[in-house]
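A.B. asks:
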Amino acid sequence: MRLSMEEAERLADKLWYRNVEKTVVAVAQDFETKEVLMVAYMNREAFIKTLTMGLMHYWSLSRRRIWMKGETSGNVQEVVDAYIDCDGDAVLFLVKQHGNACHEGFRSCFHNRIKSE
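Heads up: the sequence shown begins at 0 in numbering that gives the first Met the number 0, then just goes up one per residue.
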């Protein structure tokens, strides 16, 4: 999925960028299996880059910069579809995941199950 710059900017204007970092929550979900792959943050620029390039871009809170998922590992996420939540402060992206989503080598970042003792 790729949008024009005008379409992406129009949608970016509808989002509610929260906190000091002015970000929204971004959820990446496998478009086929519906498995949640990861949750990260996007600022306005990362959101627009994602929609215009068709590849997931995030805002790194620790590095304080935009990064494209897979820029070093090659494990890119192609955008298939996207949904803005009812409050406008979170975006769900259905993606085609190439390789693993988690930097620890797992398909999903949600591999640490909570278990009772």
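Think of the CB as a built atom: it goes at the ideal place given N, C-alpha and C, for glycine as much as any other residue. If you're wondering where the values come from, they're calculated on a predicted model, not measured in any experiment.
1. Please return the same chain residues whose Cβ sits closer than 8 angstroms to the Cβ of Ala-100, not counting the five positions on each side in sequence.
2. Looking at Ile-47 and Ala-7, is the spacing between their C-beta atoms short of 9 angstroms?
3. If you run the structure through DSSP and keep just helix, strand and coil, what is Glu-77?
4. What's the C-alpha gap between Leu-50 and Arg-62?
5. So the candidates are Ser-59, Arg-1 and Leu-2; which of them puts its Cα closest to the Cα of Asp-22?
6. Three-state secondary structure (DSSP) at Lys-33?
7. Leu-14: which of Glu-20, Asp-29, Asp-84 and Thr-32 sits nearest, CA to CA?
8. According to the Cβ coordinates, are Leu-54 and Val-24 closer than 9 angstroms?
9. Specify, as a first and last residue, the run of the alpha helix (DSSP H) that Lys-48 falls within.
10. How about His-102: is its C-beta nearer than 9 angstroms to some C-beta of chain C?
11. Mapping the DSSP letters down to three states, classify Met-67 as helix, strand or coil.
C.D. replies: Checking against the coordinates, here is how it stands:
1. Ala-27, Leu-36, Met-37, Lys-68, Asn-74, Gln-76, Arg-106, Ser-107 and Cys-108
2. yes
3. strand
4. 22 angstroms
5. In the sequence under discussion, the amino acid at residue 22 is Thr, which differs from the Asp named in the question. Closest option to Thr-22, Cα to Cα, is Ser-59.
6. coil
7. Asp-84
8. no
9. 43 to 52
10. Judged by its chain identifiers, the structure shown contains no chain C, having just a single protein chain.
11. strand
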